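J.: In the numbering used here, the protein residues as written are 63 to 873.
Built from N, CA and C at the ideal position, the CB exists for glycine as well.
Owing to the predicted nature of the structure, the values given are computational and were not obtained by experimental measurement.
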């Protein structure tokens, strides 16, 4: 079936016409135990403010029957996923029975048969996928209570937005689960998950917390349950206090499911791809990202679920705020006190990189229909948006910002808002006029450049207009032995092109110390050389991260050679002692050495990276993080005994080591088979596929290609990322160039599938190797008339990144 994407004009017209009173949804999952069909009956009570008018309800499936106020509707009138609703009364009841046979492509619902034969089902409806499971008015500003009745096989547990009211025997090997009314919610944040889940429950802070996973990863969830309960309890307490509005129901469930990329903030029942749970003993970085996921999705309970943007042009109100609030909570309520440094290195640099590509866009932009909304699910919306919110906190002060948030939630609970509603609440609380701030930061693309030289701070905007307002600190450092210590911090507020600045004499100046604003930074040539040479001596993780961010921008802008930036990063790693940032620094250094260095310089820097990683492995708590990098950078017999000994008890490290050896041309068939035998991970076969894809031979590439792009059988999230990254190995350019051209052929012919899944596939498999001909293919593909807007963005961003890498390699 074809379906139309709801336009903004249609949504506004329908929202003005209707008020939805409630949804009563009967969902039949019994056919999914051995088959592919999910069935539903949706009963929708709604009011029409202009009786006699006509509208439509969304239903993308096989409509069996429909009645409006007891009068049958002809299923033959269903066109493009819409059922016409003529001659509406003032109060209406619509009943639609529908089947959905497509439960395998991940569009709204996915049925997965695990390696042990057990079947699991998840739903995920953002932005407009609920219409694939049941009839609904699928737009964010027609919120209503939802009541679910779910029929499922008796061996299955069903989760939804709260605790079930009853679970009764339905006969014939089935049970019926009934759930109470939700609060008024948008259609995209409700959920039904089902399967023979393993369940763990605990009480914390007055909340009933639940964790669920498939049986094949039960030991992993049990290992991580203590962390998950701790992070969840810390987040609920922090957000309830800061937002002045505790989470309003007792039950809060988190369900870890197979083959879901990312997570979804369903009310009271968050669903995660279970790849976020590391299969081997977690490193500090692994634990950080588990906490970040938990807190990001939890923040959506307020920003997204309790208060929802009216239309998708304010998507950043959901995503940027949840990202900001997650890091805010991490730094203030958990053990991860260096969370802002991790954010800068792992996420904010992604936003800077994307913001300088042809696919850049303002944080807030026009969204003519729902399909175009997905184009903004990127680093600009999430990470730049987060950085801009942090800049707003510094601009108005955290106490005023917090008061504004509390007023916002109190004023708009269970409703829909536009950006102006949030900004006005913060403006009232702070006493600052934020109209100009809003236009400057949310309606303009790109990053300003701030330059400290000749006694002044100068701002330059990428669009040639005046720079945005910036609130920055200039850190002043002097040497104390082999370290630098901060002896002064000079606050500066830039409201025009230039402001005079007096700074004391210092051995090193750090512009944007504390990372308070979103901007590229520049010093005079001498100060820049000092910064690159001395970054490792800075006194804390965040100052070192700010220095690395400045160095990285010099690299991608072509203003510093890759070897100098690599040396800066290696120097930082020699001194770094914060567990939260060591692995992000290692990952970024590895990427630089692999992808940005000229070929002649790579062996020396690769060896230096291996040596540094080996030394970091001797530090308490950092052994596994460092050995992961060492496994990917060691060549020949270097560190072979150390790595073999460590891999004997660590299957994750063993897979990484085999992939590296396969990449270097060693025969690994027997050790791969042996490792498959001892690895209990149900996705272990995809790690074996990644090893074979690493080999400098077409056979392994062809096998991986078939799974990734022909069959699309590699699970979303980590498995796709790993197989794709092992396919496109540096040093195999001649072998890979034909595959790069084939990639563009295949992307143009992608079969239907969930748009989020398609975006993830394009982003993760994009070829990071190529030449000018490959770049031209990318530009041509992005210019095609029928390419979806989100895919066009991925193509343009990937091409820009590759072009910058090629320039750096040729320097």
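Run through the region 113 to 192 for me and flag every whole beta strand (DSSP E) of 3 or more residues, listed as ranges in chain order.
T.: The DSSP assignment places 117 to 120, 124 to 130, 133 to 135, 144 to 147, 153 to 162, 171 to 175, 181 to 185 as complete runs of the beta strand (DSSP E) inside the region 113 to 192, in order along the chain (cut-off: 3 residues).
J.: Helix, strand or coil, according to DSSP, for residue 547 in the structure here?
T.: strand
J.: Could you have a look at residue 535 and say whether DSSP puts it in helix, strand or coil?
T.: strand
J.: Nearest by alpha-carbon distance to residue 134: which of 342, 148, 633, 627 is it?
T.: 148
J.: Please state if the CB of residue 236 and the CB of residue 86 are separated by a distance shorter than 7 Å.
T.: no
J.: Alpha carbon to alpha carbon, what distance is there between residue 617 and residue 623?
T.: 6 Å
J.: Leaving aside the five residues before and after residue 267 along the sequence, list all residues of the same chain whose C-beta is less than 7 Å from its C-beta, in chain order.
T.: 295, 298, 299
J.: Can you give me the C-alpha to C-alpha distance between residue 458 and residue 384, rounded to a whole angstrom?
T.: 19 Å
J.: What are the start and end residues of the beta strand (DSSP E) that includes residue 231?
T.: 228 to 233
J.: Mind checking whether residue 59 and residue 419 have CB atoms under 7 Å apart?
T.: This structure leaves residue 59 out entirely; the chain is present only between 63 and 873.
J.: Say whether the region 356 to 370 touches the region 690 to 708, bearing in mind that this needs 3 or more beta-carbon pairs closer than 8 Å, one atom from each stretch.
T.: no
J.: Would residue 169 be called buried (16 or more neighbouring beta carbons within 10 Å of its own) or exposed?
T.: buried
J.: Any idea what DSSP makes of residue 386, helix, strand or coil?
T.: helix
J.: Take every Cβ of the region 101 to 115, pair it with every Cβ of the region 390 to 403, and state whether three or more of those distances are shorter than 8 Å.
T.: no
J.: Reducing DSSP to helix, strand and coil, say where residue 490 ends up.
T.: helix
J.: Is the beta carbon of residue 322 sitting closer than 7 Å to the one on residue 286?
T.: no
J.: What does DSSP give as the partner residues of residue 272 in its beta bridges?
T.: For residue 272, which the question treats as bridged, DSSP gives the partners 263, 315.
J.: Could you give the first and the last residue of the continuous alpha helix (DSSP H) run that contains residue 677?
T.: 664 to 678
J.: Rounded to the nearest angstrom, what separates residue 755 and residue 380 at their Cα positions?
T.: In a straight line, the C-alpha of residue 755 is about 38 Å away from that of residue 380.
J.: Does the distance between the C-beta of residue 585 and the nearest non-hydrogen atom of the ligand PLP fall short of 6 Å?
T.: Only the bare structure without any ligand can be found here, which leaves the ligand PLP out of the picture.
J.: Do you know offhand how far residue 835's Cα is from residue 659's?
T.: 21 Å
J.: By how many angstroms is the C-alpha of residue 751 removed from the C-alpha of residue 762?
T.: 8 Å
J.: Quick one: what's got a C-beta closer than 6 Å to residue 871's C-beta in the same chain, skipping five residues either side?
T.: 660
J.: Within the same chain, show all residues whose beta-carbon is closer than 6 Å to that of residue 640, passing over the 5 residues directly before and after it, in chain order.
T.: 400, 603
J.: Return the bridge partner residues of residue 334 from the DSSP annotation.
T.: 318, 325
J.: Do the CB positions of residue 611 and residue 406 come within less than 7 Å of each other?
T.: yes
J.: Taking all protein chains shown into account, decide if residue 549 is buried (16 or more other Cβ within 10 angstroms of its Cβ) or exposed.
T.: exposed
J.: Which one of 793, 746, 760 has the shortest CA to CA distance from residue 776?
T.: Checking every option, the nearest Cα to that of residue 776 belongs to 746.
J.: Below 7 Å between beta carbons: does that hold for residue 4 and residue 608?
T.: Given a span of 63 to 873 for the chain in the structure shown, any question on residue 4 remains unanswerable.
J.: Just to confirm, is the Cβ distance from residue 519 to residue 572 under 7 Å?
T.: Taking 7 Å as the Cβ cut-off, residue 519 and residue 572 do not qualify as a contacting pair.
J.: Under 7 Å between the Cβ atoms of residue 448 and residue 382?
T.: yes
J.: Determine, using beta carbons only, whether residue 529 and residue 521 come nearer to each other than 7 Å.
T.: Yes. Within cutoff.
J.: Could you tell me how far apart the beta carbons of residue 371 and residue 479 are, in whole angstroms, since I believe they sit closer than 8 Å?
T.: 6 Å
J.: If I'm right that residue 782 touches residue 812 with Cβ under 8 Å, what's the distance once you round it to whole angstroms?
T.: 14 Å between Cβ atoms; not a contact.
J.: Going by C-alpha distance, which of 243, 869, 852 is nearest residue 421?
T.: 852
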